[in-house]
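Structure first, commentary second.
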Amino acid sequence: MEKISWIKELVKAEQQMEESGLVDMSFGFDSEKILINESIQFLLELKTEFVDASTSFNELKPSALGRIKIYGIAKTHADFMLFRNGFKMIFSLKAPGQISIRFNFIGTNYIPTPGSSEAQQTATNVMDEHIVEAKWGAFGELVWMYQGLPVKLEYMVRHYLTLFIKESSK
Numbered sequence: 033m034e035k036i037s038w039i040k041e042l043v044k045a046e047q048q049m050e051e052s053g054l055v056d057m058s059f060g061f062d063s064e065k066i067l068i069n070e071s072i073q074f075l076l077e078l079k080t081e082f083v084d085a086s087t088s089f090n091e092l093k094p095s096a097l098g099r100i101k102i103y104g105i106a107k108t109h110a111d112f113m114l115f116r117n118g119f120k121m122i123f124s125l126k127a128p129g130q131i132s133i134r135f136n137f138i139g140t141n142y143i144p145t146p147g148s149s150e151a152q153q154t155a156t157n158v159m160d161e162h163i164v165e166a167k168w169g170a171f172g173e174l175v176w177m178y179q180g181l182p183v184k185l186e187y188m189v190r191h192y193l194t195l196f197i198k199e200s201s202k
């Protein structure tokens, strides 16, 4: 969250209270808006960390073959995917406070099926969908959790990038 955005919200809420003459008990705290903004911010930070780690991997790799590419997903606020050797790992905002991680292999089926002369794209799940969830902590802090445990961005990136590289090198 931007360092002073909450202060701006307080000022705005107070001005609205003064103009309307009504006291708003939720004064300056819109949990749904905060959850949406924090979720998008978390995804953007996650993408930045993946870009940095992938750039290092690609620079240290002697061959251009098998480099990691990162793409933003159209018509979304911050969704993105890693792509390498036909594998893709997708990070998306499933709902406010929920980040979905899916891992698929996109291959081509070259065995012709009756009535079809063209190769077909097939998608195979490499892992079940993982969900990282935001929980409210003390004093209105949002804490990101995976399976009930707190998440640190650095370790999350290390885990998923390692998994992605191992699986996509097969």
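One rule links them: number in the working numbering = place in the sequence shown (from 1) + 32.
C-beta atoms are modelled at their ideal positions from N, C-alpha and C, and glycine is treated no differently.
- At least 8 angstroms separates the beta-carbon of Phe115 from that of Ile105.
- For Gly172, the secondary structure class from DSSP, reduced to helix, strand or coil, is helix.
- An exposed status is given to Tyr187, since fewer than 16 other beta-carbon atoms sit within 10 Å of its beta-carbon.
- Taking the CA atoms as reference points, Asn117 sits about 11 angstroms from Phe196.
- When C-alpha distances from Ala127 are compared across Tyr103, Leu92 and Glu70, the shortest belongs to Glu70.
- For the pair Phe171 and Lys93, the Cα-to-Cα distance works out to about 45 angstroms.
- Counting every other CB atom within 10 Å of its CB across the protein chains shown gives Ser200 a total of 16 or more, marking it as buried.
- Uninterrupted alpha helix (DSSP H) stretches at least 4 residues long and entirely within the stretch 49-126 occur at 63-92, given in chain order.
- In this structure Val175 is exposed. Its beta-carbon is surrounded by fewer than 16 other beta-carbon atoms within 10 angstroms.
- DSSP lists no beta-bridge partner residue for Ile36.
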